[in-house]
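Novice:
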């Protein structure tokens, strides 16, 4: 993030400087692990001979694909690797698979960091709020995500950019990015139809649909229910989880540390979180706990509304 500044400078500057060191070796090791997982799940889908095995294989493939959001996010910050071009290349590939073009997402995400939990300026809060169980389930389904991504890419490809977080100097780049994305998707679709192949459907499209709810639930935990303040140790949630999910999400469960110090690479977040300790105000004991809290808040909201109606 070229214009990143450290928020809440509660860690010694020399320690921060040491933690901020990027590493191609650590980034490549993490990325290769994720690619190995994808190779395993792809093989499982291709080799599953029984319907009872095929479904779980598709789901596992979907989780592995959708959590490519983690390296995409890290590379958007250009902290996954020391090499800037490698960051940008990985971001473009992951963004292509997730229908989330890298240049567009960088502009979106930097605005989110500048104005976290500000209803007027944080683009993550631009959509309809989750105010009911139906809205919660619809959000978790991932369908609003696919609808928004498809419509936005088509609009951008046609030259329509109305997002206020996209500077004028970047508009031509984002228009071109949307056009090559759509063109590449079209080529892949045409090739699959011509060849009569279902690989595109079974290895990418269907798994991505199945895996998206897991990513939606993960991302909901980052800020949902957090106070709308500019204090990054309050408005962002750190969530305890197991080692497997910490690895899969590239340590982004330590989201408070990430927002306080967005220039830190993924491998430094555990140490940064330990240094922050009790200064991190918003913590949860697990992702299921966060979902239960969200559902409890929705029930309370419905009860309050019913009470007002009766009164």
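In my numbering, the protein residues as written are 26 to 336. Using N, Cα and C, we set each Cβ at its ideal position, and we do this for glycine too. Here the structure is a predicted model, which means the values were calculated and not measured.
1) So, with DSSP's three-state summary, where would you put residue 166?
2) Which residue from 244, 47, 161 puts its Cα closest to that of residue 111?
3) In the DSSP assignment, what residue or residues form a beta bridge with residue 394?
4) Quick one: what's residue 308 bridged to in DSSP?
5) Within 10 angstroms of the Cβ of residue 142, are there 16 or more other Cβ atoms? Answer buried if so, exposed if not.
6) Check residue 243 in the structure and name its three-state DSSP category.
7) Count the CB pairs spanning the stretch 249-269 and the stretch 230-238 that are closer than 8 Å, and state whether there are at least three.
8) May I ask you to verify whether the stretch 192-203 touches the stretch 269-286, counting CB pairs closer than 8 Å and requiring at least 3?
9) Kindly give me the distance between the Cβ atoms of residue 120 and residue 97, rounded to whole angstroms, as I take these residues to be in contact under 8 Å.
10) Using the rule of at least 16 other Cβ atoms within 10 Å of the residue's Cβ for burial, across every protein chain shown, is residue 233 buried or exposed?
11) Can you list, in chain order, the stretches of the alpha helix (DSSP H) that have 4 or more residues and sit fully within the stretch 124-201?
12) To the nearest whole angstrom, what separates the beta carbons of residue 103 and residue 109, a pair I think is in contact under 8 Å?
13) By Cβ distance below 6 Å, which residues in the same chain neighbour residue 182 in space, the five residues on each side in sequence not counted?
14) What is the C-beta distance between residue 284 and residue 309, in whole angstroms, given that I count them as a contact (C-beta under 8 Å)?
15) So what's residue 287 in DSSP terms, helix, strand or just coil?
16) Measuring CB to CB, does residue 53 end up less than 9 Å from residue 106?
17) For residue 15, which residues in the same chain have their Cβ closer than 7 Å to its Cβ, ignoring the five residues on either side in sequence?
18) Here's the rule: buried if 16 or more other CB atoms are within 10 angstroms of the residue's CB, otherwise exposed. What is residue 125?
19) Do residue 137 and residue 149 count as a contact pair if the criterion is CB distance below 9 Å?
20) Whose C-beta lies closer than 8 Å to the C-beta of residue 147 among residues of the same chain, with five residues either side of it excluded?
21) Beta carbon of residue 68, beta carbon of residue 78: below 9 Å?
22) If you measure between the beta carbons of residue 129 and residue 177, is that distance less than 9 Å?
23) Should residue 64 be labelled buried (16 or more other beta-carbon atoms within 10 Å of its own) or exposed?
24) Looking at the unbroken alpha helix (DSSP H) that takes in residue 112, where does it start and where does it end?
Specialist: Taking the structure as given:
1) helix
2) It is 47.
3) In the structure as shown, the chain begins at 26 and stops at 336. Residue 394 is therefore absent and cannot be evaluated.
4) By DSSP's assignment, residue 308 forms a beta bridge with 263.
5) buried
6) helix
7) no
8) no
9) About 6 Å separates the two Cβ atoms, so the contact holds.
10) buried
11) 127-139, 158-166, 168-182
12) 6 Å
13) 203, 204, 207
14) Rounded, the Cβ-Cβ distance is 15 Å, inconsistent with contact.
15) Residue 287: coil per DSSP, three-state reduction.
16) yes
17) Past the boundaries of the shown model lies residue 15; the chain is included only from 26 to 336, so the question cannot be answered.
18) Buried, by the Cβ-count rule.
19) yes
20) 136, 137, 140, 141
21) no
22) Result yes, Cβ atoms of residue 129 and residue 177 sit closer than 9 Å.
23) exposed
24) From DSSP, the alpha helix (DSSP H) with residue 112 extends over 109-122.
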